[in-house]
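Heads up, the thing below is written out as structure tokens.
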Amino acid sequence: MQLDKNLIEGKIDIIERNLDFLKKYKEMNDDDFINSYKDVQAVKYSLFEVIEACIDITSHIISVKGFERAESYAEMFEILGKKEIINSKLAKNLSEMAKFRNILVHGYARVDNFKVLKFIKEELEDIILFVKKILELFNN
């Protein structure tokens with residue numbers, strides 16, 4: 212079985228659309244962001260969609276390549292790191308992102324909206340790097 216290029220490209224489209232939306236928040240004043248319920252909720256949902264799309268891509272790769280089964284979303288990225296699809300630093304960062312997704316979805320802990328904004332300002336480059344690495348799979 213081969214990687215489904217259409218499936219992966221569809222997920223990348225979701226990622227890119229949301230990354231484009233999130234760009235405007237990189238320059239936003241912390242207090243303005245925190246005090247805007249609408250902005251906070253929009254950003255959280257966009258982050259959720261980005262993270263879900265990355266998880267879906269990772270799950271597809273693990274399945275098609277016959278890699279070991281992951282026990283969690285976070286572990287899925289660790290598997291890609293072990294198999295050298297992505298480097299270990301990126302795998303660790305994406306693994307933490309998957310844990311953040313669980314907080315967003317399940318509310319295991321109160322979400323610190325300052326951390327959400329910090330994530331937007333500092334961590335989106337990991338998503339961009341992930342997309343580049345995935346696209347490289349089709350060029351090799």
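Residue numbers (my numbering): 212 to 351. The beta-carbon is built from N, C-alpha and C at its ideal position, and this holds for glycine as well.
Query                                                                                                                                                 : Result
Go through the region 234-271 residue by residue and report every complete run of the alpha helix (DSSP H) that reaches 4 residues or more, in order. : 241-245
For Leu-230 and Gly-277, I'd like the C-alpha separation in whole angstroms.                                                                          : 30 Å
Does the beta-carbon distance from Ile-338 to Cys-265 come in below 8 Å?                                                                              : yes
Cα-Cα, which of Lys-344, Phe-311, Ile-272 is closest to Lys-329?                                                                                      : Phe-311
Would you mind stating whether Leu-301 and Ile-272 have Cβ atoms separated by less than 8 Å?                                                          : no
Do Leu-258 and Leu-315 have their C-beta atoms within less than 8 Å of each other?                                                                    : yes
Measure the C-alpha to C-alpha separation of Lys-234 and Asp-243 and round it to an integer number of angstroms.                                      : 16 Å
DSSP on Phe-349, reduced to helix/strand/coil?                                                                                                        : helix
I'd like the span of the alpha helix (DSSP H) that includes Phe-330, first residue to last.                                                           : 324-333
Could you spell out the range, first to last residue, of the alpha helix (DSSP H) harbouring Lys-303?                                                 : 299-317
Classify Val-275: buried if its beta carbon has 16 or more other beta carbons within 10 angstroms, exposed otherwise.                                 : exposed
Can you name the start and end residues of the alpha helix (DSSP H) that Ala-281 belongs to?                                                          : Taken as a continuous stretch (DSSP letters only), Ala-281 belongs to no alpha helix (DSSP H), as it is neither H nor E.
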